[in-house]
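Chemist: In this note's numbering, the protein residues as written are 393 to 1171. Backbone N, C-alpha and C define an ideal beta-carbon position, used for all residues, glycine too. Quick one: the structure is below, questions incoming.
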Amino acid sequence: MTETNHHQSHILGFPRIGSHRQAKKAVESYWREEISLAELEKVGQQIEEHNWKLQADAGLDYVTVGDFSWYDHVLDTSALLGVIPERFGKHNGKVDINTIFCMARGQAPKVQETTACEMTKWFNTNYHYIVPEFTEQQTFHLASDVLFNAIDRAQAKGYQVKPVLLGPLTYLWLGKTKGKDFDKLTLLKKLLPVYQEIINQLNAKKIHWVQIDEPILILDLPKAWQDAFVEVYKQLDFKQVKSLLATYFGGLEDNLAVVKKLPVDGVHLDVSADAEQLSQLAAQIPADKIISAGVISGRNIWKADLNKLSQVLHDAKKTLGARLWIATGSSLLHTPVDLDNETKLDAELKNWLAFATQKVHEVAVLANILNQGQTSFSRELSENQAALQSRQHSTRIHNATVQQRLASLTKQYAERKNAYAKRALAQHKVLKLPLLPTTTIGSFPQTKEIRVIRQDFKAGHIDAQTYIQKIREQIADVIKRQEHLDLDVLVHGEAERNDMVEYFGELLQGFAFTSNGWVQSYGSRCVKPPIIFGDVYRPKPMTVEWSQYAQSLTKRPVKGMLTGPVTILAWSFVRDDQPHATTALQIALALRDEVVDLEKAGINVIQIDEPAFREALPLRKNHWQEYLDWAVHCFRVSASGVQDETQIHTHMCYSEFNDVIDSIAKLDADVITIESSRSEMELLKAFESFSYPNEIGPGVYDIHSPRVPSSPEIVTQLENAIKYVPIARLWVNPDCGLKTRNWPEVEQALTNMVSAAKSLRTKYNQESASLEELPSREA
Ligand code: GLN
Ligand code: ZN
393 MTETNHHQSH ILGFPRIGSH RQAKKAVESY WREEISLAEL EKVGQQIEEH NWKLQADAGL
453 DYVTVGDFSW YDHVLDTSAL LGVIPERFGK HNGKVDINTI FCMARGQAPK VQETTACEMT
513 KWFNTNYHYI VPEFTEQQTF HLASDVLFNA IDRAQAKGYQ VKPVLLGPLT YLWLGKTKGK
573 DFDKLTLLKK LLPVYQEIIN QLNAKKIHWV QIDEPILILD LPKAWQDAFV EVYKQLDFKQ
633 VKSLLATYFG GLEDNLAVVK KLPVDGVHLD VSADAEQLSQ LAAQIPADKI ISAGVISGRN
693 IWKADLNKLS QVLHDAKKTL GARLWIATGS SLLHTPVDLD NETKLDAELK NWLAFATQKV
753 HEVAVLANIL NQGQTSFSRE LSENQAALQS RQHSTRIHNA TVQQRLASLT KQYAERKNAY
813 AKRALAQHKV LKLPLLPTTT IGSFPQTKEI RVIRQDFKAG HIDAQTYIQK IREQIADVIK
873 RQEHLDLDVL VHGEAERNDM VEYFGELLQG FAFTSNGWVQ SYGSRCVKPP IIFGDVYRPK
933 PMTVEWSQYA QSLTKRPVKG MLTGPVTILA WSFVRDDQPH ATTALQIALA LRDEVVDLEK
993 AGINVIQIDE PAFREALPLR KNHWQEYLDW AVHCFRVSAS GVQDETQIHT HMCYSEFNDV
1053 IDSIAKLDAD VITIESSRSE MELLKAFESF SYPNEIGPGV YDIHSPRVPS SPEIVTQLEN
1113 AIKYVPIARL WVNPDCGLKT RNWPEVEQAL TNMVSAAKSL RTKYNQESAS LEELPSREA
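Okay, structure coming up:
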C-alpha cells in the first residue's frame, strides 16, 4: 500500500487480560509458584499473538506492540528505563520480572519482601498504575528487552509493527519525587539519552512508525511543561522512524498551540472524547504531518454510529487528504475483550454493544469506507444503522414515566424542608445521641460464610427463604456485636452485598450485567462494571427489609445504607445517548424513593455513600463546575425527600478535599464521614478555613491496614480534630467500611475507638451534645 492515497488504520492498544482472563490466572499461579517463568511467558505470548492476529486479520495497517503487560505499562516503562527504587536492590543491568512484581506488590517469588510502590488512578479511568519514584540523583539506563523481544516476535510473523512507548514527559509527570522535593523536569537531560537509545533500536529494527503516548497533553499543564514538550521533541532524533504523538481521554484545548509546533510526524487525537479538536488541528497542522483520528471510543461499550463517523472523517479528509488516519480514541484496555463471550445477554441488547474485538472491526470498516467508498460497505452500514435504530426506539430504553417525572421536577426536589441548624435540633430530639457519637461506615467483615451464602443463593443451591433467613442471622449477629461494643448508631453490616454498585444495579431497571465483561483494574484484579443502558427506575424497595429487620432487633438507631448516584454512574458503563447528568438524575430519583421508604419503615438515619464523588471530577478545571453542579444536585435530589428528623449521612473515602470543599458543603448532608487518618487530620485544616457547616466524622483510624489502633492514639486524633471542628458537631468512626478486615481486628479496634470517645466525653464534661451550646453558625 502506498501512503500517498491510503488512509491508514490502527488501534492504540488492546486489552491484555486475555479473552478469558488467562493473564490473571497465569500470573496468580506464578506468584504462588505453581507455574514456571517459561510457562507464564508462554501464556503472555499467546495473548499477544492472538491480539496481533486479530488486528491484522481485521485489515488494520499496523499491529500495536508493547501494549501487553503482566501488571502495568507504567511499571514496565520504569523497568525499561531502569527506574528501580533502591529498596528493590541494585540493578545496573537488566531488571527481572520478579523485581517488577515486587515493586508492584511488595513480594514476589525468590526476592526479598519490601514495601511496594504506590498505586494510583490512571487519568479518569478505573485503571490503576504503579507510581514511578524519582530521587534527585536518579539515573536511567536501558534495563529491559521485553519491548524489543516482542517487536522481534511480531516481525517474525510478518506483521507491520507499530510499537507503543509511554512518552518521557507523561512518564515524568506520573511519577513522584522521593526524599527532597525537586523539579522533575531537571531529570530530562539524564532521561532523554535512554529514550534516544530506544529509538535507535527501533531504527535498527526498521520500524516505520512508533506511537509515543503523551496523554498529559489533555491536562492543564504548567507553562514549564508545555515548553518542555517543544524542547524534548526537538532533541529526540527519530531518524528513519516516524513519530506519532498520541493524546487521549480529552481535548488538547490550550495545548493545541504546543502540539502543532512539535517536530513529530503525526498527532493522534481522541475524537471520541472531544470532537471539535479534529477540525481545529487539521486547519493548523503543517502539511507534512498526519493526524490520527481516534473516532472509536476506547472507554465505552456502545456500537459506534458508523454513518455519522464516516461523515466526520469525510469532512476531515477535505483538509487532510490521505494524511488522515483512523483509530480508536484511546487504548481499548478499558473495554471488555469480546462480546462473543457473552452468552447470557439477550440478542437485542447485545446488538447495541461493541467490546474491544468488535471495536477493532469498527475501525477497519471506517478505514475501508474512507478508502473504497460507502457503496462497497452498504451491508455493514445498514446493519449498523438498524442496530442504532433499534436502540433509539426500544421501549426497554425509553420509559415515558421516568421521563415525565424528570421533566416535572421542581427546585423543591433538591431542598430539605429546613436548613441544617433547624434539622439538627429535630434530629437531636429523636436520636438522643451523646456527645461524640460513635458509628461505623456500613460494612462488617465479609467472612467466607457470608460469601458462601450469597454464592449458594446465586447458584440456586438454596431458596430465597433460606437465603433471607441466613442473611438475617448475619444481621442479628452484627447488631449484637455492635450493642456489645456500645456503639451509638448501628449498621446492618451489608452482608447481602457483593459490591456496592452491583447490588443496586441488579435491583434497578435499566441496568444489564455481563458474564465475562472484565476490565483490568490493577495488576491481576479485574472488575465487571454494570451497563446502564436504559431509563433507570426502581420497581420495588431495595434495602428496606434488611434495614427494617436490623432496626427491629435494637433500640439504638440503625443507619440505612445506600450508594449515591455519582458513584453508581462512575463505576458503570454509562449510556451515551443522553447526558450523564440525566442518567444520574434518574438514579437519584430511584434512590430518593428508597430514602423515603426507609424513613417510612422507621429508619431515622440514612447514609448515601459517594466514594467516587471526587474521582469523577473532569480532568480539566474548566469542566469542573458543570460536573459539580449536576453531581451536587443529584445527591440533594436523592436526599431531600425526608422530614427534618431524618438524619442524612454521606461518606467519601479520600482525603484531598480542598479543591471541592464548597461542593461537599453544598451536598447539605447532616453528617459526612471521611477518610483522614492517614493524613493525620491534615484535611481538617481545610474544613477549619472553610468552617464546614454541618456534622463531620473524620475517620479516626485507617481500616486499610490490619493494625489495631490504641485508645490513646484515637484520643490524640480526636483532640486534634476538636481544634478544628466544634466538639458538638464531631462524630467518631473508622475511615471506611470494614468488609476487608477480620473480626478480631474489628472488635479490638472498635473497642478502643468507643473507649476513646467515652474518655473524651468525660473530659469535656457534657453528658450529651446540647445544641443550644453550639457555636453560632449560619443556617
Ligand atoms: N458503605 C460502604 C462500606 O462500608 C462504603 C464503602 C466505600 O466507601 N467504598 O463498605
Ligand atoms: Zn470509604
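(1) Using 8 Å as the threshold, is the segment 737-751 in touch with the segment 667-687, meaning 3 or more CB pairs across them?
(2) Using 9 Å as the threshold, is the C-beta distance between residue 1027 and residue 1101 below it?
(3) Is residue 1195 near the ligand GLN, with its Cβ less than 8 Å from a heavy atom?
(4) Anyone know if the C-beta pair for residue 881 and residue 935 falls short of 9 Å?
(5) Using the Cα positions of residue 773 and residue 687, report the straight-line distance between them to the nearest angstrom.
(6) Taking the continuous alpha helix (DSSP H) assigned at residue 681, which residues delimit it?
(7) Shorter than 8 Å, the distance from the beta carbon of residue 1007 to the closest heavy atom of the ligand ZN, or not?
(8) Kindly indicate the opening and closing residues of the beta strand (DSSP E) around residue 638.
(9) Is residue 477 helix, strand or coil by DSSP?
(10) Do you know how far the Cα of residue 730 is from the Cα of residue 1161?
(11) Is the segment 895-907 close to the segment 761-772, with three or more CB pairs under 8 Å?
(12) Between which residues of its own chain and residue 540 is the CB-CB distance below 7 Å, once the five residues before and five after are set aside?
(13) Hey, is the segment 693-708 in contact with the segment 732-739, meaning 3+ C-beta pairs nearer than 8 Å?
(14) Can residue 866 be considered in contact with the ligand GLN, in the sense that its beta carbon sits closer than 8 Å to one or more heavy atoms?
(15) Can you tell me whether residue 943 is buried or exposed, with buried defined as 16 or more other CB within 10 angstroms of its CB?
(16) Taking C-beta to C-beta, are residue 954 and residue 835 nearer than 9 Å?
(17) Can you tell me which residues form a DSSP beta bridge with residue 834?
(18) At a cut-off of 8 Å, is residue 833 close to the ligand ZN when judged by its beta-carbon and the heavy atoms of the ligand?
(19) Around the Cβ of residue 781, are there at least 16 other Cβ atoms within 10 angstroms (buried) or fewer (exposed)?
(20) Kindly provide the ranges of any alpha helix (DSSP H) runs that are 4 or more residues long and lie completely inside the segment 599-628, ordered along the chain.
(21) Would you check whether the ligand GLN has a heavy atom nearer than 8 Å to the C-beta of residue 1129?
(22) Answer yes or no: do residue 983 and residue 995 have a C-beta to C-beta separation smaller than 9 Å?
(23) Could you pull out every residue in the same chain whose Cβ sits closer than 6 Å to the Cβ of residue 394, ignoring the five residues on either side in sequence?
(24) Do residue 1001 and the ligand ZN come close, with the Cβ less than 8 Å from some heavy atom?
(25) Classify residue 952: buried if its beta carbon has 16 or more other beta carbons within 10 angstroms, exposed otherwise.
(26) Give the straight-line distance between the Cα atoms of residue 1159 and residue 938, rounded to the nearest whole angstrom.
(27) Taking residue 407 as the reference, which of 435, 932, 439 and 425 has the closest Cα?
(28) Which of the three DSSP states is assigned to residue 1045 in this structure?
(29) Excluding the 5 residues flanking residue 909 on each side, which residues of the same chain have their C-beta closer than 6 Å to its C-beta?
(30) Between the Cα of residue 501 and those of 578, 421 and 458, spot the shortest distance and give me the residue it belongs to.
(31) Given the structure, does residue 520 come close to the ligand GLN, in the sense that its CB is under 8 Å from one of the ligand's heavy atoms?
(32) If you check the beta carbons only, do residue 610 and residue 641 fall under 9 Å apart?
(33) What residues match up with residue 914 in a beta bridge as DSSP calls it?
Modeler: The answer reads as follows:
(1) no
(2) Walking along the sequence shown from the start, residue 1027 turns up at place 635. Walking along the sequence shown from the start, residue 1101 turns up at place 709. In this structure, residue 1101 does not lie closer than 9 Å to residue 1027 by Cβ.
(3) Residue 1195 lies beyond the range of the chain shown here (393 to 1171); nothing can be said about it.
(4) In the sequence shown, residue 881 corresponds to position 489, counting from 1. In the sequence shown, residue 935 corresponds to position 543, counting from 1. Their beta carbons are not under 9 Å apart, which means residue 881 does not touch residue 935 by this criterion.
(5) In the sequence shown, residue 773 corresponds to position 381, counting from 1. In the sequence shown, residue 687 corresponds to position 295, counting from 1. Rounded to whole angstroms, residue 773 to residue 687 spans 16 Å at the Cα level.
(6) If you number the sequence shown from 1, residue 681 lands on position 289. No alpha helix (DSSP H) holds residue 681; DSSP gives it neither H nor E.
(7) Locating residue 1007 in the sequence shown gives position 615, counting from the first residue. Flag unset: Cβ of residue 1007 not near the ligand ZN.
(8) Indexing the sequence shown from 1 puts residue 638 at position 246. Residue 638 -> beta strand (DSSP E) spans 634-638.
(9) Along the sequence shown, read from residue 1 onward, the residue named residue 477 stands at position 85. DSSP places residue 477 in coil when its eight states are reduced to three.
(10) By one-based count along the sequence shown, residue 1161 stands at place 769. By one-based count along the sequence shown, residue 730 stands at place 338. Here residue 1161 scores only 48 on pLDDT, less than 50, and its place in the model should not be relied on; the value that follows carries that caveat. For residue 1161 and residue 730, the distance between alpha carbons rounds to 57 Å.
(11) no
(12) As a position in the sequence shown, residue 540 is number 148, starting the count at 1. Cβ within range, chain order: 593.
(13) no
(14) In the sequence shown, residue 866 corresponds to position 474, counting from 1. No.
(15) Here residue 943 corresponds to residue number 551 of the sequence shown, with the count starting at 1. Buried is the call here.
(16) Here residue 954 is taken as the residue at index 562 of the sequence shown, counted from 1. Here residue 835 is taken as the residue at index 443 of the sequence shown, counted from 1. For residue 954 and residue 835, no; Cβs fall outside 9 Å.
(17) Here residue 834 is taken as the residue at index 442 of the sequence shown, counted from 1. For residue 834, which the question treats as bridged, DSSP gives no partner whatsoever.
(18) Within the sequence shown, residue 833 is the residue found at index 441, counting from 1. Yes, since a heavy atom of the ligand ZN falls inside the 8 Å radius drawn around the Cβ of residue 833.
(19) Along the sequence shown, one-based indexing puts residue 781 at 389. Per the 10 Å Cβ criterion, exposed.
(20) 615-627
(21) In the sequence shown, the residue the question calls residue 1129 occupies position 737. Yes, the ligand GLN has a heavy atom inside 8 Å of this Cβ.
(22) Here the question's residue 983 lines up with position 591 in the sequence shown. Here the question's residue 995 lines up with position 603 in the sequence shown. Going by C-beta atoms, residue 983 is not nearer than 9 Å to residue 995.
(23) Here residue 394 refers to the residue found at position 2 when the sequence shown is read from its first residue. Per-residue confidence for residue 394 stands at a pLDDT of 43, beneath the threshold of 50, marking its modelled position as unreliable; the derived number appears in the next sentence. Answer for residue 394: no residue qualifies.
(24) Taking the sequence shown and counting its residues from 1, the one referred to as residue 1001 is at position 609. It does: the Cβ of residue 1001 is within 8 Å (strictly closer) of some heavy atom of the ligand ZN.
(25) As a working mapping, residue 952 is identified with position 560 in the sequence shown. The residue in question, residue 952, is buried, as its Cβ has 16 or more Cβ neighbours within 10 Å.
(26) Working through the sequence shown from its first residue, we reach residue 1159 at position 767. Working through the sequence shown from its first residue, we reach residue 938 at position 546. Residue placement at residue 1159 is flagged as unreliable, the pLDDT there being 45, under the threshold of 50; the coordinate-derived value follows with that caveat. The straight-line gap from Cα to Cα measures roughly 32 Å.
(27) Position 15 of the sequence shown, counting from 1, holds the residue named residue 407. Residue 407 has its Cα closest to that of 439, out of 435, 932, 439 and 425.
(28) Locating residue 1045 in the sequence shown gives position 653, counting from the first residue. Coil at residue 1045, not helix or strand.
(29) Within the sequence shown, residue 909 is the residue found at index 517, counting from 1. So the qualifying residues of the chain are 728 and 920.
(30) On the sequence shown, residue 501 is found 109 positions in, with the first residue counted as 1. Considering only alpha carbons, the answer is 421.
(31) For the purposes of this step, residue 520 is identified with residue 128 of the sequence shown, where counting begins at 1. Because no heavy atom of the ligand GLN lies under 8 Å away, the Cβ of residue 520 does not count as near it: no.
(32) Here residue 610 refers to the residue found at position 218 when the sequence shown is read from its first residue. Here residue 641 refers to the residue found at position 249 when the sequence shown is read from its first residue. Yes. Within cutoff.
(33) For this step, residue 914 is matched to residue 522 along the sequence shown. In DSSP, residue 914 forms a bridge with 917.
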